[in-house]
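For reference, each letter of the sequence shown is one residue, going -7 to 181 in this note's numbering.
All residues carry an ideal CB built from backbone N, CA and C; glycine is no exception.
To keep things clear, I will list the structure first and then write my remarks on it.
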Amino acid sequence: MIATDPVALRNAVNDQPAGAEGVWAGGRASVEGFLRWVVADLDRMPQLSVHHAEFGHYGSGYASYVDVLITKRDGSTRRSEGGWTHVEGLPLNLCRLAPLAALCRPRVHSAGPGGAGSSGLPVLSLVTDEAPPGWEQEYRQIRQVLDRHDITLLDSRTLGRRLEAGLVVDTILGDPPYTVFDAWFHWID
């Protein structure tokens, strides 16, 4: 499995693609185009829509993933109060370095006046291995889209494995000892 392959992990911690196959053979522009296509496909799901996809590395630095917040299309997870809009959704992290993804437990994204807002960053402890309560059908839809694009949805056990000694991840999202999650899903400001 590419997610735990020692050579692929060494590449990942150095922000290099895990391999030179498929879209990853075409470089960063090819990968970005592919991930935008995947996000567009996610946005066409019958019961879900993409609320937000962060392709801009959070405005600075480098993120080894695209942070996608997927919410229910029917609006049932959206509420407004005091000029703020709060949207509950499933955070999906699409790796830029390999065809891998991690799905996290539901979180709330808030947006207010003047561009103010809050959201969360991905951390290993939030990764879910099964459909969160109330999201069962939506979870299946997400898996179907990822499968269609040959993207592996990683589980917390795999992501929680420690990296081999000597591998260091330049990230503000986690601290040593580094894990497989840190290698594939890291952000440098």
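Residue 85 sits in a strand when the DSSP states are folded into three classes. Assigned with DSSP and collapsed to three states, residue 58 falls in strand. Cβ atoms of residue 40 and residue 70 stay farther apart than 8 angstroms, at about 13 angstroms.
The distance from the Cβ of residue 82 to that of residue 127 is about 6 angstroms, consistent with a contact at the 8 angstroms cut-off.
Note on the region 4 to 41: whole alpha helix (DSSP H) runs with a minimum of 4 residues are 20 to 34, in chain order. Contact annotation, residue 159 with residue 61: C-beta distance approximately 30 angstroms; criterion of less than 8 angstroms not satisfied.
Separation of residue 76 and residue 99 (C-alpha to C-alpha, rounded to the nearest whole angstrom) is 16 angstroms. With contacts defined by Cβ atoms closer than 7 angstroms, residue 176 and residue 87 form a contacting pair.
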